[in-house]
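A short worksheet on the structure shown next.
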Amino acid sequence: MKRVLLAVIVAFFIAGCTQETQNKLGRAIVNWTGTNGVLEIYSGGKVIKRIMGIDKISTAYGTDDNRPRPYRYGYGYMDMNLDGVLQKEEKRKKIYFEFSDYATQYLFYEHP
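In this note's numbering, the protein residues as written are 873 to 984.
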C-alpha cells in the first residue's frame, strides 16, 4: 500500500511540473545513470572517426553573453581502428572532443 501511495505522489509531482522541469529531471536521471554513447564523424559517406563511451554531449555557451554556440563537446574514448570495440590501449585515455553543428556530418547514438 505504501508503494502505491508513493507512486501516486511521485506521478502527481511530475505531472505538476512544467515541460522544461520534466526535461531537466530526465537529463539529471540520464546524467546520474550514464549512457554508453557513440559519436561517428563522416566524410565522403564513410566513418572517419568514432568516439565511444560518451556519457553526454553538451552545447557550448558563451562566457559573456551566455548564448549557445554552434558546436558541441564531450568526453569519450577514440576507437582508433574503427572496429566498434574499445581495446585495452584505447581505454587508457579519455579524450575531449568538439564538433561543429554546421560543418560536421555526424551520428550520435547509444551503444547497445
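Yeah, the Cβ is synthetic: ideal placement off N, Cα and C, and Gly gets one too.
Keep in mind the model is a prediction, meaning the values are calculated, not measured.
- With contact defined as three or more Cβ pairs closer than 8 Å, the stretch 911–922 and the stretch 965–983 are in contact.
- In the three-state reduction of the DSSP assignment, K966 falls in the coil class, being assigned neither a helical nor a strand state.
- F969 and I920 do not touch by the CB rule: their CB atoms are close to 13 Å apart, not below 8 Å.
- Taking C-beta atoms under 8 Å as the contact rule, K963 and Y949 qualify, at a distance of about 6 Å.
- Per the coordinates, the alpha-carbon of R875 lies some 44 Å from the alpha-carbon of K965.
- With a cutoff of 7 Å on beta-carbon distance, R941 and A932 are scored as near each other.
- The beta-carbon separation of G925 and N908, rounded to 6 Å, stays under the 8 Å limit for a contact.
- At a Cβ-Cβ threshold of 7 Å, Y945 and S972 do not count as neighbours.
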